[in-house]
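K.L.:
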Amino acid sequence: MQFAIQRRFEHVVMATRFYRNIFSQDPNGVLQLKQGSDAEKMFATSLGTSPTIGALDAFANEMIRDVDEAVQAFDQLLDRGDMASASKRISEAFMIGEYLPRVRRVPMERKLKVLDFTRDANQLVSAMEVKDYTLAETLITKLRALAKDLDYTKPQAAVETARTIADMHLNKAKVAAMQGDQKGSAEALTQAAGMWPTNPKLKEFTNMIGNNADVKTQAALDLDRAVAGNMAVAG
Numbered sequence: 052m053q054f055a056i057q058r059r060f061e062h063v064v065m066a067t068r069f070y071r072n073i074f075s076q077d078p079n080g081v082l083q084l085k086q087g088s089d090a091e092k093m094f095a096t097s098l099g100t101s102p103t104i105g106a107l108d109a110f111a112n113e114m115i116r117d118v119d120e121a122v123q124a125f126d127q128l129l130d131r132g133d134m135a136s137a138s139k140r141i142s143e144a145f146m147i148g149e150y151l152p153r154v155r156r157v158p159m160e161r162k163l164k165v166l167d168f169t170r171d172a173n174q175l176v177s178a179m180e181v182k183d184y185t186l187a188e189t190l191i192t193k194l195r196a197l198a199k200d201l202d203y204t205k206p207q208a209a210v211e212t213a214r215t216i217a218d219m220h221l222n223k224a225k226v227a228a229m230q231g232d233q234k235g236s237a238e239a240l241t242q243a244a245g246m247w248p249t250n251p252k253l254k255e256f257t258n259m260i261g262n263n264a265d266v267k268t269q270a271a272l273d274l275d276r277a278v279a280g281n282m283a284v285a286g
């Protein structure tokens, strides 16, 4: 029972075979489980009934077979370049049979390929959540090169939509600034920043506004000095 809970299914098979040899008169005996215990709940969910030695043996063998098939599918998908599907298959195999030899013998090089893909995929999700579309676009390009079966349509569409709307707000801000409408320009700039906070064009625009403000301020100071100088000469 402990081996089954720990997912050490080969140990379960060995234990059930020992039981059958030792207690040959009761090869398929019913296991007595405490009502409401974790073990009782697990087997009630998995087997639908109180487990017998035979059912436990069949359950362990089925788990071993499922893991073997998942690892085989992983190898085939990885060789095809279907990295997204391969990462799902190896995750399933690991969750079921972490301690089975078939999982533990997967070469480290192949595991690292899946790790790199999964890490970049998770980073893409985080980038989309914080609206860092510059990083998201870079990751989409990288992941498309790694995985032939990557479904990139949704994140790519989100990036393109954000770019279009952000450009519209920036153009509106530029027009408002040229017309001297500081309030309208600030509102449009705020909307553009909300849509794409890390937009490179947004930084360029704010730098341009800052430079123009510095030029106007410097020109006003120079004019004040010139007027003051002329007044002093006239006096």
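Under my numbering, the first residue of the sequence shown is numbered 52, with each subsequent residue one higher.
Even for Gly, the Cβ is constructed at its ideal location relative to N, Cα and C.
1) Going along the chain, which residues of its own chain have a beta-carbon closer than 7 Å to the beta-carbon of Gln207, five neighbours each way excluded?
2) Give the range of the alpha helix (DSSP H) segment to which Thr146 is assigned.
3) Run through DSSP, which three-state label would Thr103 get?
4) CB-CB under 7 Å to Ile216, same chain, minus the five flanking residues each way: which ones, in chain order?
5) Using 8 Å for Cβ pairs, my map puts Ala224 next to Ser236. What's the rounded Cβ distance?
6) Measure the C-alpha to C-alpha separation of Asp108 and Lys162 and round it to an integer number of angstroms.
7) Looking only at its chain, what residues have a beta carbon closer than 7 Å to the beta carbon of Ala239, apart from the 5 residues adjacent to it on each side?
8) Contact defined as beta carbons within less than 8 Å: I believe Ala172 pairs with Leu194. What is the distance between those atoms, to the nearest angstrom?
9) May I ask you to verify whether the stretch 142-160 touches the stretch 104-124, counting CB pairs closer than 8 Å and requiring at least 3?
10) Which residues mark the beginning and the end of the alpha helix (DSSP H) in which Phe60 is found?
11) With distance defined between alpha-carbon atoms, name the residue in Gly231, Asp232, Ala198 and Lys182 nearest to Glu211.
12) Straight-line CA distance for Asp265 to Asn250?
13) Since Thr169 and Ser136 are thought to touch, with beta carbons under 8 Å apart, how far apart are those beta carbons, to the nearest angstrom?
14) How is Ala244 classed by DSSP in three states: helix, strand or coil?
15) Which of helix, strand or coil does DSSP assign to Thr169?
16) Given a cut-off of 8 Å on the beta-carbon distance, is the pair Val122 and Arg153 in contact?
17) The alpha helix (DSSP H) with Thr212 in it runs from where to where?
18) Report all residues from its chain with a CB closer than 7 Å to the CB of Val118; omit the five preceding and five following residues, and keep chain order.
19) Within 10 angstroms of its Cβ, does Phe125 collect 16 or more other Cβ (buried), or is it exposed?
20) Here's the rule I'm using: 16 or more other beta-carbon atoms within 10 Å means buried, otherwise exposed. How should Leu201 be labelled?
21) Mind checking Pro248: buried by the 16 CB within 10 Å criterion, or exposed?
22) Of the residues Arg68, Arg131, Asp218 and Arg71, which one's Cα is nearest the Cα of Glu255?
23) What number of angstroms, rounded off, separates the C-alpha of Phe69 from the C-alpha of Leu166?
P.N.:
Straight from the coordinates:
1) In the sequence shown, the residue the question calls residue 207 occupies position 156. Contacts found: Ile191.
2) In the sequence shown, residue 146 corresponds to position 95, counting from 1. Looking at the sequence itself, residue 146 is Met, so the reference to Thr does not match. Run containing Met146: Met134 to Ile147, per the alpha helix (DSSP H) assignment.
3) One-based indexing of the sequence shown puts residue 103 at position 52. Correct three-state label for Thr103: strand.
4) Locating residue 216 in the sequence shown gives position 165, counting from the first residue. So the qualifying residues of the chain are Met246.
5) Position 173 of the sequence shown, counted from the start, is the residue given in the question as residue 224. Position 185 of the sequence shown, counted from the start, is the residue given in the question as residue 236. About 5 Å; that satisfies the 8 Å criterion.
6) Along the sequence shown, one-based indexing puts residue 108 at 57. Along the sequence shown, one-based indexing puts residue 162 at 111. Distance between the alpha carbons of Asp108 and Lys162: 30 Å.
7) Sequence index remark: in the sequence shown, residue 239 carries index 188 (1-based). Same-chain partners within the cutoff: His220, Lys223, Ala224 and Ala227.
8) The count along the sequence shown starts at 1 and reaches residue 172 at position 121. The count along the sequence shown starts at 1 and reaches residue 194 at position 143. Yes, they are in contact, since the Cβ atoms of Ala172 and Leu194 sit about 6 Å apart, within 8 Å.
9) yes
10) In the sequence shown, residue 60 corresponds to position 9, counting from 1. First-last of the alpha helix (DSSP H) with Phe60: Phe60 to Ile73.
11) Numbered from 1 along the sequence shown, position 160 holds the residue referred to as residue 211. Per the Cα distances, Lys182.
12) Counting from one through the sequence shown, the residue named residue 265 turns up at place 214. Counting from one through the sequence shown, the residue named residue 250 turns up at place 199. Residue confidence for Asp265 is low, a pLDDT of 40 falling below 50, so the modelled location carries little weight; the figure read from the coordinates is stated next. Straight-line Cα distance between these residues: approximately 23 Å.
13) Position 118 of the sequence shown, counted from the start, is the residue given in the question as residue 169. Position 85 of the sequence shown, counted from the start, is the residue given in the question as residue 136. Their Cβ separation, rounded to whole angstroms, is 12 Å, which puts Thr169 and Ser136 out of contact at 8 Å.
14) As a working note, residue 244 is residue 193 in the sequence shown. Note: Ala244 maps to helix in three-state DSSP.
15) What you label residue 169 is simply residue 118 of the sequence shown in a count that begins at 1. Helix.
16) Numbered from 1 along the sequence shown, position 71 holds the residue referred to as residue 122. Numbered from 1 along the sequence shown, position 102 holds the residue referred to as residue 153. Yes, the pair counts as a contact, with Cβ atoms nearer than the cut-off.
17) Taking the first residue of the sequence shown as position 1, residue 212 is located at position 161. Element bounds for Thr212: Thr204 to Met229.
18) Translated into the one-based positions of the sequence shown, residue 118 becomes position 67. Only Ala144, Ile147, Gly148, Leu151, Arg153 and Val154 meet the Cβ criterion.
19) Residue numbering aside, residue 125 sits at position 74 when the sequence shown is read from its first letter. Phe125 is buried by the Cβ-count criterion.
20) On the sequence shown, residue 201 is found 150 positions in, with the first residue counted as 1. Counting Cβ neighbours within 10 Å, Leu201 comes out buried, since at least 16 surround it.
21) Sequence index remark: in the sequence shown, residue 248 carries index 197 (1-based). Exposed: under 16 other Cβ atoms inside 10 Å.
22) As a working mapping, residue 255 is identified with position 204 in the sequence shown. Of the listed residues, the one whose Cα sits closest to Glu255 is Asp218.
23) Locating residue 69 in the sequence shown gives position 18, counting from the first residue. Locating residue 166 in the sequence shown gives position 115, counting from the first residue. For Phe69 and Leu166, the distance between alpha carbons rounds to 39 Å.
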